[in-house]
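Taking it in order: structure first as structure tokens, then the write-up.
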Amino acid sequence: MGCWAGEYAKHDTLEFELVDRIVREAKELGVYWIVMSGGEPFIWPHLIELAARHSDVAFMLYTNGTLIDDAMADKLLEVGNVSPAISLEGWRESTDARRGAGVFDRIVGSMDRMRARGLAFGISLTMTRHNVEEVTGDDFIDFLVEQGAMYGWSFHYIPIGRDPNPDLMVTPEQRKYLVKRIDEIRMQRGFPIADFWNDGELTRGCIAGGRRYFHIAASGAVEPCAFVHVTTHNIRDLSLKEVLQTPLFRAFQQRQPFSENLLRVCPIIDVPDQLREICTETGARPSHPGADTFLQPPLADALDARAQRWHEVADPIWEERHPAEETVGEKA
Numbered sequence: 002m003g004c005w006a007g008e009y010a011k012h013d014t015l016e017f018e019l020v021d022r023i024v025r026e027a028k029e030l031g032v033y034w035i036v037m038s039g040g041e042p043f044i045w046p047h048l049i050e051l052a053a054r055h056s057d058v059a060f061m062l063y064t065n066g067t068l069i070d071d072a073m074a075d076k077l078l079e080v081g082n083v084s085p086a087i088s089l090e091g092w093r094e095s096t097d098a099r100r101g102a103g104v105f106d107r108i109v110g111s112m113d114r115m116r117a118r119g120l121a122f123g124i125s126l127t128m129t130r131h132n133v134e135e136v137t138g139d140d141f142i143d144f145l146v147e148q149g150a151m152y153g154w155s156f157h158y159i160p161i162g163r164d165p166n167p168d169l170m171v172t173p174e175q176r177k178y179l180v181k182r183i184d185e186i187r188m189q190r191g192f193p194i195a196d197f198w199n200d201g202e203l204t205r206g207c208i209a210g211g212r213r214y215f216h217i218a219a220s221g222a223v224e225p226c227a228f229v230h231v232t233t234h235n236i237r238d239l240s241l242k243e244v245l246q247t248p249l250f251r252a253f254q255q256r257q258p259f260s261e262n263l264l265r266v267c268p269i270i271d272v273p274d275q276l277r278e279i280c281t282e283t284g285a286r287p288s289h290p291g292a293d294t295f296l297q298p299p300l301a302d303a304l305d306a307r308a309q310r311w312h313e314v315a316d317p318i319w320e321e322r323h324p325a326e327e328t329v330g331e332k333a
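Residue numbers (my numbering): 2 to 333.
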């Protein structure tokens with residue numbers, strides 16, 4: 002539920018030689034930070050080999066955290082350039098309800114092992130309308146810091162992947178709360194956490210489509226974002242540099258930022274009409290069966306309605322923060 006890998010073919014995988022080539026090309030472009038997700042990255046048998054071969058690259062892994070036993074923790078310590086970002090939904094009851102009985106305690110055990118070895122790891126929090134206050138509460142943030150987490154990611158639930166459910170999305174009022182609360186956590190609790198959707202002001206807009214980042218699926222399909230499951234090309238046929246020049250990626254880059262209000266820069270949930278225009282203009286096709294549900298009714302209608310509600314809430318926030326400033330982007 003909400004995992005962007007949920008509907009990809011389970012047999013797809015990127016072979017070691019291809020991933021090695023991608024990392025080498027990334028370094029040629031000046032990229033030395035690479036994110037890996039899944040599925041579960043720790044299942045990939047070449048992970049440690051890749052990290053050892055590219056000791057000058059930092060690898061961050063979104064993981065369920067259950068496979069970091071003593072042997073794996075020792076390997077992470079040996080290579081020194083892999084940082085797990087462990088997925089949590091909140092305290093034990095919330096995490097186990099989504100991820101399975103006993104998962105929370107296994108995660109705590111993994112954090113204990115990494116903390117004991119001085120390993121740098123972080124946390125990935127999926128915000129839904131049901132857990133926003135729980136995962137941003139002082140006691141939970143303090144728990145993460147005490148466990149040794151050095152950073153965090155806040156991901157708002159996006160209705161893609163397996164069983165998309167717009168009712169799980171944070172409400173506009175909750176998103177407004179997160180605008181203030183994430184800043185408080187950073188400034189008052191001293192915990193560096195990034196909000197993937199509300200931090201557009203820090204990144205000067207959406208970073209997808211190769212502006213700062215893009216996603217390569219296990220099939221090799223190159224996607225503008227890990228949450229936008231459409232593609233026109235496969236990494237097996239193009240270099241990273243060539244991918245950045247494809248019509249799909251150029252269409253993203255030419256529109257960025259998607260809104261002059263940098264609290265409304267996501268083409269999935271903030272300006273979905275622009276994402277539909279891009280897909281029509283470039284002939285982008287679904288990366289897997291059902292990947293285009295967010296482009297069609299009824300989900301598209303629900304996203305349009307949610308975007309309008311956030312527009313009404315976010316614009317006053319932006320105007321209060323930036324009175325009488327000149328616009329920074331397009332006319333969304």
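Just so you know, even glycine gets a beta-carbon here, dropped at the ideal spot from N, CA and C.
Residue-level contact to chain B via CB, residue i, 7 Å cutoff
| i | result |
| --- | --- |
| residue 99 | Structure shown: chain B not included; a single protein chain is present. |
Residue i - partner residues in DSSP beta bridges
| i | result |
| --- | --- |
| residue 286 | 232 |
| residue 216 | 224 |
| residue 291 | DSSP lists no partner for residue 291. |
| residue 87 | 64, 124 |
| residue 52 | According to DSSP, residue 52 bridges with nothing at all. |
| residue 171 | Per DSSP, none; premise fails for residue 171. |
Straight-line gap, residue i to residue j (C-alpha atoms, nearest Å)
| i | j | result |
| --- | --- | --- |
| residue 44 | residue 312 | 41 Å |
| residue 47 | residue 221 | 17 Å |
| residue 260 | residue 201 | 10 Å |
| residue 63 | residue 165 | 20 Å |
| residue 235 | residue 85 | 27 Å |
| residue 271 | residue 159 | 11 Å |
| residue 76 | residue 127 | 28 Å |
| residue 275 | residue 197 | 19 Å |
| residue 79 | residue 277 | 46 Å |
| residue 122 | residue 268 | 30 Å |
| residue 52 | residue 325 | 48 Å |
| residue 105 | residue 255 | 43 Å |
| residue 146 | residue 263 | 29 Å |
| residue 162 | residue 40 | 12 Å |
| residue 288 | residue 231 | 5 Å |
Helix, strand or coil at residue i [DSSP, three-state]
| i | result |
| --- | --- |
| residue 264 | coil |
| residue 68 | coil |
| residue 296 | helix |
| residue 196 | strand |
| residue 31 | coil |
| residue 154 | strand |
| residue 115 | helix |
| residue 59 | strand |
| residue 146 | helix |
| residue 36 | strand |
| residue 244 | helix |
| residue 80 | helix |
| residue 190 | coil |
| residue 238 | coil |
| residue 1 | Since the displayed the chain opens at 2 and closes at 333, residue 1 lies outside it and no answer follows. |
| residue 130 | coil |
| residue 249 | helix |
| residue 17 | helix |
Buried or exposed (CB count within 10 angstroms, at least 16 for buried), residue i
| i | result |
| --- | --- |
| residue 25 | exposed |
| residue 246 | exposed |
| residue 206 | buried |
| residue 94 | exposed |
| residue 257 | buried |
| residue 34 | exposed |
| residue 337 | Lying outside 2 to 333, the shown extent of the chain, residue 337 is not represented and no answer is given. |
| residue 296 | buried |
| residue 224 | buried |
Any contact of the region 111 to 122 with the region 92 to 101, i.e. 3+ C-beta pairs under 8 Å?
-> no
At a cut of 8 Å, does the region 274 to 281 reach the region 151 to 161 through at least three beta carbon pairs?
-> no
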